[in-house]
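Have a look at the structure below, then the notes.
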Amino acid sequence: MLPLGMERVTTEEPWICLDNIKSSGRKRGALKWLRKEQKFGFVAVEGKQFPTPEKRLVFCIFLRQYHRHCWFQKKNYEQQLHIMYSGGDSGRNCTGSDGAAVCMFSELRVWGIPVDAYTLTILIDALCLSNRVGFGFCVLGLFFKSGIDINVVTFTKLIKGLCLDNKIVEALELFKKLVMEDVCQVNIFTYAVLMKGLCKAGYTQTALDLLILMQKEGPQPNNVAYNIVIDSLCKDGMVDKALGLVPQMTERGISPGIVTYNSLIKGLCNFCRWKEVTKLMNEMVHHEVYPDVVTFTVMVDAFCKEGKLKDAEAIIQIMIQRNICPDVITYNPLIEGYCLQGKMDDARRVLGQMVDKGLRPNLTNYNTIINGYCKRKAMDEAMHLFHGMHQKGLHPDVVTYTTMLQGLFLVGRCDDALNLFQDMQLSAHAPDFHTYCVLLTGLCNNGHIEEAMSLYSKFRGNGNGSHVFGSIIIDGLCKTGQLNIARGVLSNLIFKGQHVNVYAYNAMIYGLCREGLVHEALDLLRRMAKLIAYQILSLTMLF
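Take 1 as the starting number for the sequence shown in the UniProt record's numbering and just add one per residue.
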């Protein structure tokens with residue numbers, strides 16, 4: 001039996017059945033039908049079958065989009081395919097898994113369908129969004145080979161790709177080349193993409209310089225450009241500079257919006273400048289810009305960081321009175337605040353309020369409360385909450401497991417911690433650097449040095465964190481009087497050229513002094529001083 005609304009079609013109109021894949025809402029049944037149709041050759045494009053049912057499903061999504069706009073009835077099928085490939089909203093629509101956009105583009109080329117600047121730009125965008133900006137630059141060769149002019153949109157996508165790949169210097173160099181060599185006329189979007197990349201990488205001053213350049217030479221900055229710089233200045237603690245940009249906006253006829261005010265309010269709240277927050281909120285209401293959920297969430301977070309939890313709850317009540325619904329992000333600082341104060345009953349009460357309001361607590365909310373219980377050594381409650389997560393449709397992540405491990409070690413339940421660590425590995429959650437640190441520290445603090453040494457020998461070669469693991473082991477060995485083994489670990493770290501931190505030296509010196517080996521401790525202290533002086537000198541020369 002065919003899925004709802006599906007009929008066999010001829011090769012002349014294959015999109016009719018494909019369009020119904022999405023509208024029927026029965027994708028599995030549709031795929032089963034498509035496999036059957038492909039077997040008998042009913043679904044084909046000009047005699048060529050689609051390579052896989054999954055790709056046909058992707059084709060359907062695109063075809064459905066344009067079928068709604070009735071474009072198919074007006075164009076021949078080759079044009080329809082061209083639209084399908086090059087007319088998506090963005091590269092995100094066609095990236096899929098394992099570079100679906102590249103596969104679809106290859107098929108387009110095989111079928112002999114011509115490409116244009118729009119098609120190639122979408123391909124570049126898809127590659128850049130997949131962190132393959134290098135391949136994006138390779139596509140430029142197709143522009144030259146096909147005699148297609150490269151426009152500013154294409155270069156903007158490449159600049160965005162470089163920024164996403166943390167190649168900020170290269171992005172800035174490309175931008176300078178476009179401007180100085182007059183390759184193309186950069187627009188406001190090019191500036192905004194580069195400024196956003198600069199701010200995310202911590203180059204706020206450079207982004208501010210670009211904004212000033214726009215003010216002087218054009219294109220004139222818009223609200224988005226100002227918001228990018230203002231937000232970054234506030235995050236970097238330069239709130240006064242950010243406030244100074246607001247008059248410049250209004251002078252150019254640009255009205256600050258809710259995004260602008262939210263950034264400024266957050267910046268002021270971070271420095272507890274409450275009078276200025278009140279003044280700014282009065283100003284925004286005067287200009288008919290009203291606080292939204294983000295505005296109130298910023299204030300809730302600020303009060304919670306100050307320890308003023310009752311004031312934070314009062315803000316939430318004001319939100320509800322104004323018909324502004326708090327979300328899970330609004331409630332989480334309040335939950336965290338109560339956990340930090342050890343008021344776990346209040347934290348659970350707030351969690352219950354969220355559920356009563358129709359909100360579904362997320363993983364962050366649960367991790368926060370579990371961490372609160374662990375810090376209070378209330379491991380039975382933490383374990384109960386941990387095992388109850390599955391019933392709520394949530395699955396523990398590496399943070400949840402690491403928090404639970406830390407709590408179990410804190411109360412001396414080492415066997416339970418090791419069993420949980422095994423469960424973590426079986427559940428396909430790879431332990432991270434922090435997990436290994438918690439594991440080694442917990443075993444050492446509870447006197448399980450042999451187990452710690454055994455684990456250390458297994459993963460000490462895992463990346464740059466091995467010197468930190470070594471420091472933890474040295475500390476544990478020194479505290480239990482096993483100086484000879486500690487000396488061996490320290491010598492091994494130095495021999496392998498790994499950075500030995502002050503923590504490791506302090507642990508070793510403390511252990512030597514405790515055993516009365518003061519002269520050896522002083523000798524190690526002198527070696528440590530020379531090494532640190534050398535490291536400081538090296539860093540000075542680098543900068």
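Glycine is no exception: its CB is placed at the ideal position from the N, C-alpha and C atoms.
Check: What does the alpha-carbon distance come out to for the pair residue 567 and residue 450?; Outcome: For residue 567 there is no data in the structure shown, the boundaries of the chain being 1 and 543.
Check: Just checking my contact of residue 474 with residue 507 at CB under 8 Å: how many whole Å lie between their CB atoms?; Outcome: 5 Å
Check: Determine whether the beta carbon atoms of residue 408 and residue 426 lie at a separation below 8 Å.; Outcome: no
Check: Alpha carbons only, please: which of 123, 397, 504 and 256 is nearest the one belonging to residue 284?; Outcome: 256
Check: With H, G and I counted as helix, E and B as strand and the rest as coil, what does DSSP make of residue 541?; Outcome: For residue 541, the predicted structure reports a pLDDT of 37, less than 50, and the residue's modelled location is therefore unreliable. The matter cannot be settled from this model.
Check: So for residue 396, helix, strand or coil by DSSP?; Outcome: coil
Check: Roughly how many angstroms lie between the CA atoms of residue 529 and residue 483, to the nearest whole one?; Outcome: 21 Å
Check: So what does DSSP say about residue 341, is it helix, strand or coil?; Outcome: coil
Check: Evaluate residue 149 with the Cβ neighbour count: other Cβ atoms within 10 Å of its Cβ, from every protein chain shown; 16 or more gives buried, anything less gives exposed.; Outcome: exposed
Check: Please specify which runs of the alpha helix (DSSP H), each continuous and at least 4 residues long, are wholly inside the stretch 361–420, giving them in chain order.; Outcome: 363–375, 379–388 and 398–410
Check: Quick one: using the 10 Å Cβ neighbour count with 16 as the cut-off for buried, is residue 247 buried or exposed?; Outcome: exposed
Check: Using a Cβ-Cβ cut-off of 8 Å (strictly less than) and excluding sequence neighbours within five positions of residue 143, which residues of its own chain qualify?; Outcome: 117, 120, 149, 150 and 154
Check: Would you list, in sequence order, the uninterrupted alpha helix (DSSP H) runs of no fewer than 4 residues that lie entirely inside the stretch 185–265?; Outcome: 188–200, 204–217, 223–235 and 239–251
Check: Can you give me the C-alpha to C-alpha distance between residue 212 and residue 395, rounded to a whole angstrom?; Outcome: 48 Å
Check: Select from 264, 305, 505 and 287 the residue whose C-alpha is nearest the C-alpha of residue 277.; Outcome: 264
Check: With a threshold of 8 Å on Cβ separation, who are the neighbours of residue 306 within its own chain once the five nearest residues in sequence on each side are excluded?; Outcome: 272
Check: If we call anything under 8 Å between Cβ atoms a contact, is residue 339 one with residue 298?; Outcome: no
Check: Report the three-state DSSP secondary structure of residue 45 (helix, strand or coil).; Outcome: Residue confidence for residue 45 is low, a pLDDT of 39 falling below 50, so the modelled location carries little weight; the figure read from the coordinates is stated next. Note: residue 45 maps to strand in three-state DSSP.
Check: Whose C-beta lies closer than 8 Å to the C-beta of residue 346 among residues of the same chain, with five residues either side of it excluded?; Outcome: 309 and 338
Check: Compute every distance between the C-beta of residue 206 and the non-hydrogen atoms of the ligand PLP, then say whether any falls below 7 Å.; Outcome: Questions concerning the ligand PLP fall outside what the structure shown contains, since it holds no ligand whatsoever.
Check: Under 8 Å by Cβ, that's how I've got residue 366 and residue 389 pegged, so tell me the actual separation to the nearest angstrom.; Outcome: 6 Å
Check: Give the DSSP-derived three-state secondary structure of residue 430 in the structure shown.; Outcome: coil
Check: May I ask which residues mark the beginning and end of the alpha helix (DSSP H) holding residue 130?; Outcome: Taken as a continuous stretch (DSSP letters only), residue 130 belongs to no alpha helix (DSSP H), as it is neither H nor E.
Check: Mark residue 250 as exposed unless 16 or more other C-beta atoms lie within 10 angstroms of its C-beta, in which case mark it buried.; Outcome: exposed
Check: So for residue 304, helix, strand or coil by DSSP?; Outcome: helix
Check: Based on Cα-Cα distance, which residue from 401, 241, 430 and 145 lies nearest to residue 417?; Outcome: 401
Check: Identify the continuous alpha helix (DSSP H) that holds residue 480 and give its terminal residues.; Outcome: Per DSSP, residue 480 belongs to no alpha helix (DSSP H) and is neither H nor E.
Check: Given this structure, state the Cα-to-Cα distance separating residue 169 from residue 178, to the nearest angstrom.; Outcome: 14 Å
Check: List the whole-angstrom C-beta distance separating residue 341 from residue 374, where the pair is believed to meet the contact cut-off of C-beta under 8 Å.; Outcome: Between residue 374 and residue 341 the Cβ distance is about 15 Å, and since that is not below 8 Å, they are no contact.
Check: Using the beta-carbon count (16 or more within 10 Å), is residue 433 buried or exposed?; Outcome: exposed
Check: Does DSSP classify residue 523 as helix, strand or coil?; Outcome: helix
Check: Residues in its own chain within less than 8 Å of residue 327 by CB, not counting five upstream and five downstream?; Outcome: 293, 297 and 359
Check: How many whole angstroms separate the CB atoms of residue 304 and residue 312, which I take to be in contact at a CB cut-off of 8 Å?; Outcome: 5 Å
Check: For the putative contact between residue 503 and residue 524, defined by C-beta atoms under 8 Å, what is the C-beta separation to the nearest angstrom?; Outcome: Actually they are not in contact, since the Cβ atoms of residue 503 and residue 524 sit about 14 Å apart, beyond 8 Å.
Check: Around the Cβ of residue 318, are there at least 16 other Cβ atoms within 10 angstroms (buried) or fewer (exposed)?; Outcome: exposed
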